[in-house]
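Engineer: Residue numbers (my numbering), protein chains in the order written: chain A, 200 to 375; chain B, 118 to 271; chain C, 101 to 475.
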Amino acid sequence: MLTKFLDFFGWARANSPWMVHYCSGCCSLEILALMGPRFDWERYGFMPVPSPRQADFIVITGLISRKVLPVLLMTYDQMPKPRYVFAIGSCAFDGGPYYDSTSVVTNVPEILPPDVFVAGCPPTPEAILDGLLEMKKIIRERRDAKAETQGTWREILKKELEKNPLLAQQPFFVGG
Amino acid sequence: MGIEGLKKLMKTYFGVEAKEYPHNLVAETYLFEIEPVHIREVAKLLKQEGFNFFHTLAPVDYSPKGRGLELNYFFENLEEKVWVVIRTEIPLDNPQIDSIHDIYPAIEACEREEWEKFGINFVGHPRLKPMLLDDTLQGKWVQRKSYIPEAHRS
Amino acid sequence: MYRGAQIITEPVGREGDLMILNWGVQHPASGPMRIKVWLDGETIVKVENDPGYVTRNLEKLLEYRTWENAVVNIERICFIDDLGTLVNWALAVEKLAEVEVPKNVQYFRVILAEVGRIVSHLIGIGSMFGALGVATPMMWVLSLREYYLDFLEHYSGYRISTASIVPGGLKYAPTKEDFELLKKAIEETERRWPEYKELFRDNPTLVERYKGVGVIPKELVYEMGLRGPVARASGVDYDVRKRYPYSSYEDFDFNVVTKEDGDAYSRFLVVLEEVEESVKILKQALEGMPEGDKWKVRMPKKIKAGEVYSAVEWARGAVEYFVVSDGGTGPYRVKISAPSFMNIWVLEKIAPGHKLADLATIFASLYICHGDLDR
């Protein structure tokens, strides 16, 4: 009975996955195209929301610079469970065209492992949509997000928070 | 006023001749090679002669070639459509030059960026503090030739 | 690095203490950038920019690339209009190598650069509405933008990172179908534009929020070295295409759009009307396309020592490179002077005195791309 009940929640979640309105790299342009009339992701229930507190998944839109990494992790940390990670673009895998840059994080999957990764520089909206449908399946089957059990993001975030005592005191920031 | 006036003034005050600068694809340009200590006086002259539009500040690290740090300031006279390059060279072990942010406010951000990337100490600049790079790269002067990104270290 | 709201203890007036608010990094209207706002109640007292969240250090990376390979990093200065930056790189390297490209290549570069400008301006118009929370215009411009992306995709195989302009010419020879697709995009623009213009320029929501907000006087343009639509909206007719024509721009008949007021609404109008001018250039370039099937000239692998300064009018203003060669297979040093980096600092001067809600509109009207702000 309970499983059926939870399955219903999975079904409901899978039909309206909301994205945090957050971009860190140039691949966000193709997400923008995906929001547009031609690809129209809202027919699958996808929608951007400004607040991470209401979101179901976060998109790593390609490039993650070293300066933006704590912001990404903090945004992810603020999301309610179940929370999923969706990564697009070669930068989110190994740095892509900036593989040798010292201000770019080149091991994002080790820090925040994505549930679905779409390759390309940038991937086409069709490919991203395909990946999003894949993620819908994961949400529907109520599978755990990879980042909940893997990845070093909690340690990095904790180190970051220790730098600022004001933030570390707040209970809702301590890597939930 | 204008480039003719500037040429004369630069000759009388600093003894610097204007050189043709054919490398600017865009417009007629003159090059003045000055001593770094004169940068503030030169900037005031430029402003007075109508070179009121600042374009860019481009330092080049020539230390592998046995020279110092070359600074190129690009200015434009909007009425005359003439550009001027002010070129000066400072030693890399003590990179120091006066800031001209109060004469050309547009240069403030550029000087801050070059301080962050080359370690040039712009004397008198109001906020030489981190801007573009993250904390781990501060003080490593990433744009200098002596800094090699990790992926290229053999 | 990411600090919460802090309270300053000195009281200011009757309104109470100043509060520092982080506007960004994760904010729907800011993009990956933080703006630190000092607030007295609702009024902005002071603003400080904190860019750098998409820093890649491109200037350093380019020192490890070859002349042609650098295209990959050059076009990623900003993805919204990657073609303008490529034109500039091609011009700079060709000047260093003393290579001339044929007229048909120059014309096709003009076509690509103007397509890039249209694509970028359409997103700019959409995001200026987006800052108000109005979503419909964004949908309209995105659907029009797809026609131009179809042309780019058919021509180069990619929608927004085309890598199609290389030093020495073009990477790919354009085919007949490419021109057909471009003509279709232009027809579609001309069919829709009267309706779009009516909706956009007289939109009461936009006029209400943008008129008289964030005024940049003409003197401030000179003082802060502002470029592009921001400068032109304040009455400075600085357009590199007209002022110092490059890549055969002197052959085309177009106007430099300028406005006198210098407020956010003028900046919006400049961007809106520049789309029309770009369509005008596109039509002339298609008509007057010179004969010729040589699309690439042989470029030397090593380029002799020298330096060059080049500038082109990009969607956001003049993008300028200072390139130094030491006779190697790649650049010795590249300095990228980008318009967004020059334009963003004016925000600190004009935002104080406005209400917090106006910050989004002023920021959107400055037409910033974070890619070329941080490089």
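Where a beta carbon is used, it is the ideal one built from N, C-alpha and C, also for glycine.
Could you tell me which of C:I286, C:L320 and C:S425 sits nearest to V219 (chain C), measuring between CA atoms?
Structural biologist: With distances taken between Cα atoms, V219 (chain C) lies closest to C:I286.
Engineer: Could you name the residues that DSSP lists as bridge partners for G209 (chain A)?
Structural biologist: None; G209 (chain A) has no bridge partner.
Engineer: Does G175 (chain B) get closer than 8 Å to chain C when you measure Cβ to Cβ?
Structural biologist: In the sequence as displayed, the identity of residue 175 (chain B) is Ala instead of Gly. It does: the Cβ of A175 (chain B) has a partner Cβ on chain C nearer than 8 Å.
Engineer: Do the segment 378-393 of chain C and the segment 344-354 of chain C meet, that is, are 3 or more Cβ pairs less than 8 Å apart?
Structural biologist: Enough Cβ pairs lie closer than 8 Å, so yes.
Engineer: Output needed for V147 (chain C): all residues of its chain with C-beta closer than 8 Å, excluding positions within five of it in sequence on either side, in chain order.
Structural biologist: Answer for V147 (chain C): I135, K136, V137, W138, L447, E448, A451, P452 and L459, listed in chain order.
Engineer: Flag this pair as yes or no: are the beta carbons of L174 (chain B) and P151 (chain C) separated by less than 8 Å?
Structural biologist: In this structure, P151 (chain C) does not lie closer than 8 Å to L174 (chain B) by Cβ.
Engineer: Whole angstroms is fine: what's the gap from Y207 (chain C)'s alpha carbon to R270 (chain B)'s?
Structural biologist: Roughly 43 Å between the two C-alpha positions.
Engineer: Any chance you could list the alpha helix (DSSP H) runs of at least 4 consecutive residues sitting entirely within the segment 176-260 of chain C, in chain order?
Structural biologist: Listed in chain order, the complete alpha helix (DSSP H) runs (minimum 4 residues) inside the segment 176-260 of chain C are 183-197, 203-230 and 236-256.
Engineer: Cα-Cα, which of C:S410, C:W189 and C:A331 is closest to R416 (chain C)?
Structural biologist: The shortest C-alpha separation from R416 (chain C) is found at C:A331.
Engineer: Can T274 (chain A) and V219 (chain A) be called in contact, C-beta distance under 8 Å?
Structural biologist: The answer is yes: Cβ separation under 8 Å.
Engineer: In chain order, what residues of the segment 284-302 of chain A put their CB closer than 8 Å to some CB of chain C?
Structural biologist: Residues P296, Y297, D299, S300, T301 and S302.
Engineer: When the Cα atoms are used, what is the spatial distance from Y264 (chain B) to I355 (chain A)?
Structural biologist: Roughly 26 Å separates the two Cα atoms.
Engineer: Could you pull out every residue in the same chain whose Cβ sits closer than 6 Å to the Cβ of V423 (chain C), ignoring the five residues on either side in sequence?
Structural biologist: Cβ within range, chain order: A192, V408, P431 and V434.
Engineer: Taking any Cβ of chain C, which residues in the segment 209-228 of chain B have a Cβ under 9 Å from it, in chain order?
Structural biologist: Within the segment 209-228 of chain B, the residues whose Cβ lies closer than 9 Å to some Cβ of chain C are Y221, P222, A223, I224, E225, A226 and C227, listed in chain order.
Engineer: Helix or strand or just coil, what does DSSP make of G406 (chain C)?
Structural biologist: Strand.
Engineer: Can you round the beta-carbon distance between I338 (chain A) and G209 (chain A) to whole angstroms, since I take them to be within the 8 Å contact cut?
Structural biologist: Yes, I338 (chain A) and G209 (chain A) are in contact; Cβ-Cβ is about 7 Å, under 8 Å.
Engineer: Answer yes or no: does any C-beta atom of chain A fall closer than 8 Å to that of A268 (chain B)?
Structural biologist: Chain A contact via Cβ: present.
Engineer: Can you tell me where the alpha helix (DSSP H) holding P439 (chain C) begins and where it ends?
Structural biologist: P439 to N443 is the span of the alpha helix (DSSP H), which, as asked, contains P439 (chain C).
Engineer: Give me the chain B residues within the contact set of K266 (chain A), using Cβ-Cβ distance strictly less than 9 Å, ordered along the chain.
Structural biologist: Per Cβ cutoff of 9 Å: L249, L250, D251 and D252.
Engineer: What is the DSSP secondary structure of R332 (chain C), reduced to helix, strand or coil?
Structural biologist: The answer is helix: DSSP assigns R332 (chain C) an H, G or I state.
Engineer: Along the segment 211-229 of chain A, what residues have a CB closer than 9 Å to any CB found in chain C?
Structural biologist: For the segment 211-229 of chain A, which is checked against every Cβ of chain C, the residues closer than 9 Å are V219, H220, Y221, C222, S223, G224, C225, C226, S227, L228 and E229.
Engineer: Secondary structure at D219 (chain B), three-state DSSP: helix, strand or coil?
Structural biologist: In this structure, D219 (chain B) counts as coil in the three-state DSSP scheme.
Engineer: Check F189 (chain A) in the structure and name its three-state DSSP category.
Structural biologist: Shown here, chain A extends from 200 to 375; a query on residue 189 (chain A) therefore has no answer.
Engineer: Between R475 (chain C) and S264 (chain A), is the Cβ-Cβ spacing less than 8 Å?
Structural biologist: No, these two residues do not count as a Cβ contact at 8 Å.
Engineer: Work out the CA separation of E323 (chain C) and M194 (chain B) for me, nearest whole Å.
Structural biologist: The residue you asked about is not Met; residue 194 (chain B) is Asn in the sequence shown. Distance between the alpha carbons of N194 (chain B) and E323 (chain C): 13 Å.
Engineer: When the distance is taken between beta carbons, is D178 (chain B) closer than 8 Å to R261 (chain B)?
Structural biologist: Yes. Within cutoff.
Engineer: DSSP three-state call for W123 (chain C): helix, strand or coil?
Structural biologist: Strand, per DSSP.
Engineer: Please classify T351 (chain A) as buried or exposed, where buried requires at least 16 neighbouring CB atoms within 10 angstroms.
Structural biologist: The residue in question, T351 (chain A), is exposed, as its Cβ has fewer than 16 Cβ neighbours within 10 Å.
Engineer: If you compare alpha carbons, which of B:V259, B:F191, B:G236 and B:N211 is closest to A144 (chain B)?
Structural biologist: Nearest option by C-alpha distance: B:F191.
Engineer: In whole angstroms, give me the CA-to-CA distance for L244 (chain C) and E288 (chain C).
Structural biologist: The alpha-carbon atoms of L244 (chain C) and E288 (chain C) are separated by roughly 8 Å.
Engineer: To the nearest angstrom, report how far apart R176 (chain C) and K401 (chain C) are at their CA atoms.
Structural biologist: Computed Cα separation, rounded: 23 Å.
Engineer: Hey, would you say R185 (chain B) sits closer than 8 Å to L148 (chain B), going by beta carbons?
Structural biologist: Before going further, note that residue 185 (chain B) is Gly rather than Arg in the sequence given. No. Outside cutoff.
Engineer: Under 8 Å, do V201 (chain B) and S216 (chain B) count as touching if we go by C-beta distance?
Structural biologist: No; because the gap between Cβ atoms is not below 8 Å, this pair is not in contact.
Engineer: Determine the extent of the alpha helix (DSSP H) in which V159 (chain B) is found, giving its start and end residues.
Structural biologist: Segment I156 to Q165, the alpha helix (DSSP H) holding V159 (chain B).
Engineer: Could you name the residues of chain C that A232 (chain A) contacts, counting a contact when the two beta carbons are closer than 7 Å?
Structural biologist: Going along chain C in sequence order, the residues near A232 (chain A) (Cβ under 7 Å) are L242.
Engineer: Given a cut-off of 8 Å, decide if G184 (chain C) and V371 (chain C) are closer than it, judged by their beta-carbon atoms.
Structural biologist: No, the Cβ-Cβ distance between V371 (chain C) and G184 (chain C) is not below 8 Å.
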